[in-house]
C-alpha cells in the first residue's frame, strides 16, 4: 500500500533552519505532484509548498524566500528546506501526494521557539 513517512521535524530556533523529508513507497512517485501542507493549533490546515512531477515549484507568500521544496525521484523523496524560521511556522507539517487521489503522511511536528 502507499506509505508516506515524514522525518526531520523538531525544535528550531527563530532564525534557524530545519529540513523535512518525506519518503514514499508503494506508488509510482515520480508522476505525482507533492506538497507540504501544515496545521497550527487552532488553525485550519494550510498549503505551504508544492512541486510538480516536472519539478515546477510554488509556495505560499508566508514562506516565500525562506522555504524551498525539492524532490529526488530516484529516492522517492520530497524535501522541505526551512530557513529563517519564525515562531508562526510552528505546526504539524504533512507530506501529501497527488491532487485528485490524495495520500497523506502522518505529520511531523515543527516547533519554533527560543
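Residue numbers (our numbering): 34 to 147.
Think of the CB as a built atom: it goes at the ideal place given N, C-alpha and C, for glycine as much as any other residue.
In chain order, which continuous runs of the beta strand (DSSP E) of length 3 or greater are located wholly inside the segment 54–128? 67–72, 79–84, 90–92, 100–105, 110–115 and 124–126
Grouping DSSP H, G and I as helix and E and B as strand, with all else coil, what is residue 40? Counting from one through the chain shown, the residue named residue 40 turns up at place 7. Here residue 40 sits in strand by DSSP.
So, under 8 Å CB-CB, residue 42 and residue 145 are touching, yes? Tell me the CB distance rounded to an integer number of Å. Taking the first residue of the chain shown as 1, we reach residue 42 at position 9. Taking the first residue of the chain shown as 1, we reach residue 145 at position 112. Contact flag wrong, Cβ pair sits at about 11 Å.
Look at residue 46 and residue 130 and say whether their C-beta atoms are less than 8 Å apart. Position 13 of the chain shown, counted from the first residue, corresponds to residue 46. Position 97 of the chain shown, counted from the first residue, corresponds to residue 130. No.
Leaving out the 5 sequence neighbours to the left and right, which residues in its chain are closer than 8 Å to residue 64 when beta-carbon positions are compared? The count along the chain shown starts at 1 and reaches residue 64 at position 31. The residues are 86.
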